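See below for the structure under consideration.
Residue numbers (the numbering used here): 6 to 179.
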């Protein structure tokens, strides 16, 4: 059985209703077996990429984006019990990274592969808007910066959560 292609066709920016939380709106073209209208829209908080870097011990926007792009593909299979739920806040970053890498590999093999809309060959005369249309993820790559201080603070908070969880688990065991 061939796996579904989730084709990223566009990326837009929006905010929540308060106007304070910025999101990327990522639109995928998918088979009708995935969505009746052939479209899945994923709202990704802009801060989520920095969080993925902290949770999984990543080094780049590209690595965080890879994980984020697969989240809407993984979600239904996790909810159906076909894949374990990801728990990066409860695992050390290398273990969390191994868990998500394994799930993405299983996803690519069995459920769906994320690709961007086909792009034309680069041309220096092409406008920036046309270039962005060729690579809908370009706007995310260009506008996302990972702040090392914020990321370090997030990692400290995740360490605190892990320690609290481990202590709670130890206390309930005995």
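Here a beta-carbon is modelled for each residue, glycine too, at the ideal position from N, C-alpha and C. No experiment lies behind these values; they were computed from the predicted model shown.
Quiz item: On the premise that residue 35 lies in contact with residue 9, defined as a C-beta separation below 8 Å, what is that separation, rounded to the nearest angstrom?
Solution: Contact holds; Cβ gap of about 6 Å.
Self-check item: Own chain, CB closer than 7 Å to residue 62, minus 5 neighbours either side, in chain order
Solution: 98, 99 and 102
Quiz prompt | Close beta carbons around residue 91, own chain, < 8 Å, minus the five adjacent residues each side | solution = 79, 83, 101, 104, 105 and 108
Practice problem: Kindly indicate which three-state DSSP category residue 13 falls into: helix, strand or coil? | Solution: strand
Quiz prompt | Distance between residue 32 and residue 158 (C-alpha atoms, nearest Å) | solution = 31 Å
Practice problem: Count the CB pairs spanning the region 148 to 164 and the region 54 to 69 that are closer than 8 Å, and state whether there are at least three. | Solution: yes
Quiz prompt | Contact belief for residue 119 with residue 13 at Cβ below 8 Å, rounded distance in angstroms | solution = With a Cβ gap of about 7 Å, residue 119 and residue 13 count as contacting.
Quiz item: Is the beta carbon of residue 141 sitting closer than 8 Å to the one on residue 110?
Solution: no
Quiz item: DSSP beta-bridge partners for residue 61?
Solution: For residue 61, which the question treats as bridged, DSSP gives no partner whatsoever.
Quiz item: Within this structure, are the beta carbons of residue 50 and residue 72 separated by less than 8 Å?
Solution: No. Outside cutoff.
Exercise. Starting from residue 163, follow the alpha helix (DSSP H) in both directions and report where the run begins and ends.
Key: 153 to 178
Quiz item: The beta strand (DSSP E) spanning residue 79 covers which residue range?
Solution: It is not in any beta strand (DSSP E) - residue 79 instead sits in the alpha helix (DSSP H) that spans 66 to 84.
Exercise. Would you please state the rounded distance, in angstroms, between the beta carbons of residue 167 and residue 94? I believe it to be under 8 Å.
Key: Between residue 94 and residue 167 the Cβ distance is about 7 Å, and since that is below 8 Å, they are a contact.
Practice problem: State buried or exposed for residue 30, treating a residue as buried only when at least 16 other CB atoms are found within 10 Å of its CB. | Solution: exposed
Practice problem: Use the C-beta contact count for residue 81: other C-beta atoms within 10 angstroms, 16 or more gives buried, fewer gives exposed. | Solution: exposed
Self-check item: Reduced DSSP secondary structure (H/G/I, E/B, other) of residue 111
Solution: helix
Exercise. Report all residues from its chain with a CB closer than 7 Å to the CB of residue 75; omit the five preceding and five following residues, and keep chain order.
Key: 109, 112 and 119
Quiz item: Which residues in the same chain have their Cβ closer than 8 Å to the Cβ of residue 43, if we skip the five residues on either side of it in sequence?
Solution: 34, 35, 36 and 37
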